[in-house]
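Protein chains in written order, with the working numbering: chain A, 136 to 435; chain B, 136 to 435; chain C, 155 to 434; chain D, 155 to 434. Beta carbons: idealized from backbone N, C-alpha and C, even for Gly. Notes for the one structure printed next.
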Amino acid sequence: MKVKIGSLEIKNPVMTASGTFGYGEEFEPYVDLDRLGAVVVKGLSLEPRPGNEPPRIMETPAGMLNAVGLENIGVKAFVADKLPYLRWHSVAVIANIFGETLDEYVRIAEHLNGVAGVDALEINISCPNVKKGGIAFGAHPGDAAEVTRCVKAATDLPVIVKLTPNVTDIAEIALSVEGAGADALSLINTIRGMSVDVEKRVPHLKNITGGLSGPAIKPVALRMVWDVARVASVPVIGVGGITTASDALEFLIAGATAVQIGTANFINPRATLDVLEGIERYLVEREIGDVNDLIGTLAI
Amino acid sequence: MKVKIGSLEIKNPVMTASGTFGYGEEFEPYVDLDRLGAVVVKGLSLEPRPGNEPPRIMETPAGMLNAVGLENIGVKAFVADKLPYLRWHSVAVIANIFGETLDEYVRIAEHLNGVAGVDALEINISCPNVKKGGIAFGAHPGDAAEVTRCVKAATDLPVIVKLTPNVTDIAEIALSVEGAGADALSLINTIRGMSVDVEKRVPHLKNITGGLSGPAIKPVALRMVWDVARVASVPVIGVGGITTASDALEFLIAGATAVQIGTANFINPRATLDVLEGIERYLVEREIGDVNDLIGTLAI
Amino acid sequence: MCDKAMESNRAVIVGIIRSNHPMTRDVFLMTVTVPHGFESAMPGQFVMVRVRGREFPFLPRPFSIHSLYREGEASTMEILYQVVGDGTRLLSSLGSGDELTILGPLGKGFDTRYDRRTVALIAGGIGIAPLHFLAQYYNKKNVHGEEKPRLVCFMGARTADGLIGRERMEQLCDAVMVSTDDGREGYCGMVTDCFVDNSKTMDTADLILYCCGPYEMMKRVALMAGDYSVPCQVSMEARMACGIGACLGCSVKMKSDGRPVRYGRVCKDGPVFDSKMIDW
Amino acid sequence: MCDKAMESNRAVIVGIIRSNHPMTRDVFLMTVTVPHGFESAMPGQFVMVRVRGREFPFLPRPFSIHSLYREGEASTMEILYQVVGDGTRLLSSLGSGDELTILGPLGKGFDTRYDRRTVALIAGGIGIAPLHFLAQYYNKKNVHGEEKPRLVCFMGARTADGLIGRERMEQLCDAVMVSTDDGREGYCGMVTDCFVDNSKTMDTADLILYCCGPYEMMKRVALMAGDYSVPCQVSMEARMACGIGACLGCSVKMKSDGRPVRYGRVCKDGPVFDSKMIDW
Ligand SMILES: Cc1cc2nc3c(=O)[nH]c(=O)nc-3n(C[C@H](O)[C@H](O)[C@H](O)COP(=O)(O)OP(=O)(O)OC[C@H]3O[C@@H](n4cnc5c(N)ncnc54)[C@H](O)[C@@H]3O)c2cc1C
Ligand SMILES: Cc1cc2nc3c(=O)[nH]c(=O)nc-3n(C[C@H](O)[C@H](O)[C@H](O)COP(=O)(O)OP(=O)(O)OC[C@H]3O[C@@H](n4cnc5c(N)ncnc54)[C@H](O)[C@@H]3O)c2cc1C
Ligand SMILES: Cc1cc2nc3c(=O)[nH]c(=O)nc-3n(C[C@H](O)[C@H](O)[C@H](O)COP(=O)(O)O)c2cc1C
Ligand SMILES: Cc1cc2nc3c(=O)[nH]c(=O)nc-3n(C[C@H](O)[C@H](O)[C@H](O)COP(=O)(O)O)c2cc1C
Ligand code: FES
Ligand code: FES
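Structure, rendered in structure tokens:
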């Protein structure tokens, strides 16, 4: 079940999606972390961030909106307080990072460089919630490439760039980022959405808009993975609405080298392992010895 | 309940969405057309089109994908065979049109100009299914403006421009189209998506990708209506996942002057009337005499 | 022909499940009480079904009418269905008293205006579902005084277990030939071959075929029917959204003989088509 | 304190509904059999609930544990809930034998380590849900030999009808004061005013408040508690996704006293907070 994400080899293609699995320890009672391919931690900024004012979440048909606003404890507290727990496990740890300026991205990357226990960086150039945040980088090929280049220069770790779906042509951005040295691409982040309380005539989220995630967006994520995997030469990690092994298999077949499980963790905290076990069963039933022989085998 | 879409006054803000209500007659047993604000007919091209090879549809979580491929009988057969039925009714008729070239748009508009029984044109610059079709026009502000300008010049009817959600900045396109003379904007069309059959390892749709519609996309549609209604000075018509009166009210409160019901018609052929009756009840309960007093009243 | 009767009865109705029993491991027979007025349905017509109050599955599911009879003020409809996915799995979990939202009767049923002395019903697996209603119809027709043709039913299945409702068909038909892939029951092989073997004794000039089953099987039957110039009606399947001709989702390619490609709507132009119309 | 007991019991379990009865027009009491091991739950902890096999509602819903007792090999948990939307409406339609998927017990319950001679439980409407379990706990504590404080319960509701489970509270508490907005039953006015009137006779130095109800009511109680320097524990509400501290969706603003804004997670840092911690 081993797959390679750039120079990083992980034991299987099932990861957690950033922001949906805390720092790993929250899932201790439900998931044996050692069985996962990788844990992607909640997005880290240089300094701690309080996040947005509540209400921050709202349910939608087969999905949810969130406007957490990238609340996090900051990269220093992560290394000091959260990483030790993860280091007790053999699971690969991917640090999801974001900044409001190029310089911030670079400084977080530098801070994490050489820190034992961090196996790769995932740069979030796509979070739609914070106005000064990722959106500016992720929506334009040039900006996306620049942040990739700078982070690459600041770290020895493999760099995964996480793309936003809120764009006209995601493949164009993927190629631009790949050209700038990205070791892998993950997609998609949440789609900007909104919900209104018709009784009070106010938005359900204090932030007005938020990011849509969950099964509702799966067809969009899968299409974008397909659009990107066809043209990219680096590995693509599929994210968006994956809830079952069958969902994950759709992404693998369409060309994703690995998958991340996000919102599904909220519905079923064991979702990652259920997906993993389902993929294993599928491979056994079809006598596919190596998951790499399944990846990208969509017949058209 | 009267609202105005440009110079066209309709009896209430509930319309059907193009491609989901046939030419009206299919719903004869379920819906008294005279009660609706408007019927938007299936997209019309200059010549009849066979559409895409099946399979054309697939269910998704709280939604569906379609790759009908704009099958239609052509504008001439519409006028000859389908319009007479609609003319028996007092409902406003909006002809949804699309072309593969600017010239085709213009010729359809010319063909419908002065045809009794057609009350407005809705130009589809956004259908994601046909490669040579709408996508090129809808994704770029300049192209979108140009097709608007040409159609406006070719017709005396109010022109509604239907926008695609598959863009980075829908407000930019909305403003561009408004500047080119659009009398109203409708949004959103379907979001490009995909679905894979993991047993056979083939796409569920012969066309590989299709357009996602239904409740799943409602938060995205609502956010885009909000993005556009805040900046546009022409009326905005909200479309996307509206299934209940409460859904429709979200759009009206966020700034839509009218709503279109699409995929919901497949789940419940009486959906348009259920929505209409629910809006009426809401207004009565809150003693809002004029629906226009509700539109755009979101408190933020 | 049945278009008018159908039109007047189209509505969204609530059906109350009376019983829902497994016939085999994965085939269930459901009995549903539907309001009066439904009896005008013709064999081959179908219904779009959702479970009342359930948000999932999202789209309604199409099922042929398996049988229909008047009972006092209401009517009773049977649906014979195979569990193949989430929607049918949910159906199989329902019981007496549970409610369905039903659209129908929908579509064009079997054309029964052919005046042929031998009627062959050719069913593959769950394809027996609409043909049972057709057999009932021919039996009722007889009661009403018209001359009843000879009904011969060919039922094929992978194993004997899959020959669903064989006894019922035996009561309705003059002969029932069964075939199984493994030959444990009846003819060994495909139902189409069984039909070919038996059809040698039939007068093709006085024969009509009604067929429902897997695509490849119907295609074979259609080709044979073409070769022998026997009229043949096939009941097609396609994924559906609306069921009433509005979404253009359920297309099947029609024979166009050189003219531009043309698709028919299974829900509205079918589900039953003259086999010569289909571009197989 | 209760953190460790909780950790070891956190799991996804299946609960089987035993009964589910309306107490008033819109409040239901549900009895659920849960596996052994659940009894370590502390008052104020909650569970995340989904209806097994249902895709809708999408997110699980949080409910306080209303009572919990061991029964042979299993435990029985009660949930008292008000129908306010689709999720609770669905719950209200369930019956004996239906199954729930339950995550829990979750969160930090009421801190019961205060050594005060008078314990006041202040409930607004459905806020009685967790306080009933707390009252049970104090009664059980007593059995275990510790000195039982005087339990005084203040229950407020719009109308007499909304004073849910008053009789049960009367059995568990030394005194129950009720108030209704219309004054038809008990004190006329808000539960907070009723409490103020009665608290005059209480020794604030030997008092602790446990409070659950609408935000504005808890805020009033918190401010009063602050004024009189009485310890006060409040059970907060917020929309939740994960229930286990991972999504950061259920935030409540904490008092930061000049330091940067800080949010607590209702599911993990709460749902019960010291009222002084909240930025009301
Ligand atoms: C007019 C018509 C009449 C029908 N009558 C019957 C009947 O009497 N009894 C019966 O058992 N089935 C009948 N079917 C097929 C039935 O509609 C499908 O089996 C059902 O929709 C599957 O739903 P599901 O959610 O269980 O499966 P899904 O999860 O939707 O799909 C499971 C599998 O079934 C296939 N499938 C799904 N829908 C269809 C479809 N419409 N046509 C062909 N394959 C499909 C899928 O490709 C997939 O492989 C009929 C179909 C049509 C179009
Ligand atoms: C820790 C905790 C314990 C709770 N314990 C109980 C309990 O014991 N009994 C009980 O009846 N309710 C309790 N609640 C509230 C309960 O979770 C909500 O009423 C329920 O989730 C509503 O679901 P719904 O689908 O019916 O309503 P929805 O359709 O989701 O919402 C209907 C209305 O309820 C409001 N609402 C929804 N969820 C919440 C929430 N989590 N907090 C506050 N308001 C909400 C919405 O804003 C809306 O106005 C508790 C909430 C929390 C956070
Ligand atoms: C509550 C929440 C918080 C998230 N936080 C982050 C984050 O900090 N960084 C990031 O790159 N993505 C974040 N995401 C996006 C997810 O990692 C994922 O890309 C997205 O939710 C789509 O996947 P899903 O549908 O499986 O949830 C967050 C998503 C949710 C729902
Ligand atoms: C089957 C189908 C066919 C459609 N055909 C058209 C079309 O011809 N022209 C058009 O502008 N939009 C078309 N649409 C898009 C709808 O009008 C609508 O914009 C979209 O489905 C979102 O709304 P909904 O979620 O309510 O369906 C079609 C949608 C569906 C599902
Ligand atoms: S199912 Fe919609 S046209 Fe046939
Ligand atoms: S509900 Fe997810 S952190 Fe509280």
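Residues bridged to C:Tyr-341 (per DSSP)
On the third sequence, residue 341 of chain C is found 187 positions in, with the first residue counted as 1. In the DSSP output, where bridge partners are listed per residue, C:Tyr-341 has C:Ser-333.
Which residues have a Cβ closer than 5 Å to any heavy atom of ligand 2, listed in chain order?
D:Phe-200, D:Arg-215, D:Pro-216, D:Phe-217, D:Ser-218, D:Tyr-235, D:Gln-236, D:Val-238, D:Gly-239, D:Asp-240, D:Gly-241, D:Thr-242, D:Ile-280, D:Ala-283, D:Glu-391, D:Arg-393, D:Pro-425
If you count every other CB in all the chains shown that lies within 10 Å of the CB of A:Ala-152, and 16 or more means buried, which is it?
As a first step, residue 152 of chain A must be located in the first sequence, where it is residue number 17. It counts as buried.
Span of the alpha helix (DSSP H), counted from its first residue to its last, around A:Asn-400:
On the first sequence, position 265 is the one that residue 400 of chain A refers to. Here the alpha helix (DSSP H) through A:Asn-400 covers 399–402.
Mapping the DSSP letters down to three states, classify C:Pro-176 as helix, strand or coil.
Sequence index remark: in the third sequence, residue 176 of chain C carries index 22 (1-based). Strand, per DSSP.
Relative to chain A, which residues along the stretch 353–386 of chain D have a C-beta separation below 9 Å, given in chain order?
none
Candidates B:Asp-167, B:Asn-301, B:Ser-311: which alpha carbon is nearest B:Thr-283's?
Position 148 of the second sequence holds residue 283 of chain B. The shortest C-alpha separation from B:Thr-283 is found at B:Ser-311.
List the residues of chain C whose Cβ lies closer than 8 Å to the Cβ of D:Glu-209, in chain order.
Within the fourth sequence, the letter at position 55 stands for residue 209 of chain D. Those within 8 Å of D:Glu-209 in chain C are Glu-209, Phe-210.
Between C:Ser-333, C:Asp-315, C:Asp-240, C:Val-306, which lies nearest to C:Ser-353 when the distance is taken from Cα to Cα?
If you number the third sequence from 1, residue 353 of chain C lands on position 199. Ranking the options by Cα distance to C:Ser-353, first place goes to C:Val-306.
Nearest neighbour of C:Arg-413, chosen from C:Gln-387, C:Phe-427, C:Thr-255, C:Asp-433 [CA to CA]
On the third sequence, residue 413 of chain C is found 259 positions in, with the first residue counted as 1. The option with the nearest alpha carbon to C:Arg-413 is C:Asp-433.
Who are C:Asp-428's beta bridge partners in DSSP?
By one-based count along the third sequence, residue 428 of chain C stands at place 274. Answer is C:Gln-387.
Checking 8 Å against the spacing of the C-beta atoms, do C:Cys-366 and C:Pro-259 come in under that value?
Locating residue 366 of chain C in the third sequence gives position 212, counting from the first residue. Locating residue 259 of chain C in the third sequence gives position 105, counting from the first residue. Contact: no.
Within chain D, partners of A:Thr-155 - CB distance below 9 Å:
To locate residue 155 of chain A, count along the first sequence from 1; it is residue 20. Those are Ala-395, Cys-396, Ala-400, Cys-401, listed as they occur along chain D.
Looking at the structure shown, is C:Gly-279 part of a helix, part of a strand, or coil, going by DSSP?
If you number the third sequence from 1, residue 279 of chain C lands on position 125. Helix at C:Gly-279.
Can you tell me where the beta strand (DSSP E) holding B:Gly-390 begins and where it ends?
For the purposes of this step, residue 390 of chain B is identified with residue 255 of the second sequence, where counting begins at 1. Looking at the DSSP string, B:Gly-390 is not in any beta strand (DSSP E), and its letter there is neither H nor E.
Answer with buried or exposed for D:His-175, where buried requires no fewer than 16 other C-beta atoms within 10 angstroms of its C-beta.
Sequence index remark: in the fourth sequence, residue 175 of chain D carries index 21 (1-based). Burial call: exposed.
Would you give the residue range spanned by the alpha helix (DSSP H) that C:Ala-376 belongs to?
Start at 1 with the first residue of the third sequence, and residue 376 of chain C comes out as number 222. 369–382 is the span of the alpha helix (DSSP H), which, as asked, contains C:Ala-376.
What residues of chain D sit near A:Ile-326, judged by a beta carbon separation below 8 Å?
In the first sequence, the residue the question calls residue 326 of chain A occupies position 191. The premise fails here: A:Ile-326 is roughly 16 Å from chain D at the closest Cβ pair, so nothing lies under 8 Å.
Enumerated in chain order, which unbroken segments of the beta strand (DSSP E) with a length of 3 residues or greater are wholly contained in the stretch 213–245 of chain D?
215–218, 221–225, 228–236
Per DSSP, which residues does D:Cys-366 bridge with? Please list them.
For this step, residue 366 of chain D is matched to residue 212 along the fourth sequence. BP columns for D:Cys-366 point to D:Ala-277.
Can the beta-carbon of D:Asp-240 be found less than 8 Å from the beta-carbon of D:Pro-211?
Residue mapping note: residue 240 of chain D aligns to position 86 of the fourth sequence, counting from 1. Residue mapping note: residue 211 of chain D aligns to position 57 of the fourth sequence, counting from 1. Yes, the pair counts as a contact, with Cβ atoms nearer than the cut-off.
Assuming the contact rule is C-beta atoms closer than 8 Å, B:Leu-221 and B:Val-174 should be a hit. Round their C-beta distance to whole Å, please.
The residue you call residue 221 of chain B lines up with position 86 of the second sequence. The residue you call residue 174 of chain B lines up with position 39 of the second sequence. With a Cβ gap of about 6 Å, B:Leu-221 and B:Val-174 count as contacting.
Distance, C:Phe-192 Cα to C:Glu-227 Cα
Here residue 227 of chain C refers to the residue found at position 73 when the third sequence is read from its first residue. Here residue 192 of chain C refers to the residue found at position 38 when the third sequence is read from its first residue. Each residue's Cα considered, the two are about 11 Å apart.
If we call anything under 8 Å between Cβ atoms a contact, is C:Val-350 one with C:Met-378?
Taking the first residue of the third sequence as 1, we reach residue 350 of chain C at position 196. Taking the first residue of the third sequence as 1, we reach residue 378 of chain C at position 224. For C:Val-350 and C:Met-378, yes; Cβs fall inside 8 Å.
Buried or exposed by the 16-neighbour rule on C-beta atoms within 10 Å, applied to A:Ile-430:
For the purposes of this step, residue 430 of chain A is identified with residue 295 of the first sequence, where counting begins at 1. Buried, because 16 or more other Cβ atoms sit within 10 Å of the Cβ of A:Ile-430.
Residue(s) in a DSSP beta bridge with C:Arg-416:
In the third sequence, counting from the first residue as 1, residue 416 of chain C sits at position 262. Answer is C:Met-408.
Length of the line joining the Cα atoms of C:Pro-216 and C:Leu-248
Walking along the third sequence from the start, residue 216 of chain C turns up at place 62. Walking along the third sequence from the start, residue 248 of chain C turns up at place 94. Whole-angstrom Cα-Cα distance: 17 Å.
Could you check whether the Cβ of A:Glu-194 sits closer than 8 Å to any Cβ belonging to chain D?
Counting from 1 along the first sequence, the entry for residue 194 of chain A is found at position 59. Yes, its Cβ sits closer than 8 Å to a Cβ of chain D.
First and last residue of the alpha helix (DSSP H) that includes A:Met-359?
If you number the first sequence from 1, residue 359 of chain A lands on position 224. A:Met-359 -> alpha helix (DSSP H) spans 353–364.
Nearest chain B C-beta to A:Ile-402 closer than 8 Å, yes or no?
Indexing the first sequence from 1 puts residue 402 of chain A at position 267. A:Ile-402 does not count as touching chain B.
Nearest-angstrom Cα distance between A:Asp-254 and A:Arg-184?
What you label residue 254 of chain A is simply residue 119 of the first sequence in a count that begins at 1. What you label residue 184 of chain A is simply residue 49 of the first sequence in a count that begins at 1. Computed Cα separation, rounded: 24 Å.
Expressed to the nearest angstrom, what Euclidean distance is found between the alpha-carbon atoms of A:Ala-280 and B:Ser-261?
The residue given as residue 280 of chain A occupies position 145 in the first sequence. The residue given as residue 261 of chain B occupies position 126 in the second sequence. If I take the Cα positions, the gap works out to 29 Å.
When we look at the beta-carbon of A:Gly-204 and count the other beta-carbons within 10 Å, is it buried (16 or more) or exposed?
Reading the first sequence from its first residue, position 69 is the one you call residue 204 of chain A. Buried.
Using a Cβ-Cβ cutoff of 7 Å, what residues of the stretch 200–230 of chain B are near chain C? List them in chain order.
Asn-201, Val-203, Glu-206
Among residues of its own chain, excluding the 5 on either side of C:Pro-197, which ones have a beta-carbon nearer than 7 Å to its beta-carbon?
For this step, residue 197 of chain C is matched to residue 43 along the third sequence. Taken in chain order, the residues that qualify are Gly-263, Phe-264, Pro-284, Phe-287, Leu-288, Tyr-291.
Beta-carbon proximity check, B:Glu-313 vs B:Ala-364, cutoff 8 Å
Numbered from its first residue, the second sequence carries residue 313 of chain B at position 178. Numbered from its first residue, the second sequence carries residue 364 of chain B at position 229. Cβ distance not < 8 Å, so B:Glu-313 and B:Ala-364 don't count as in contact.
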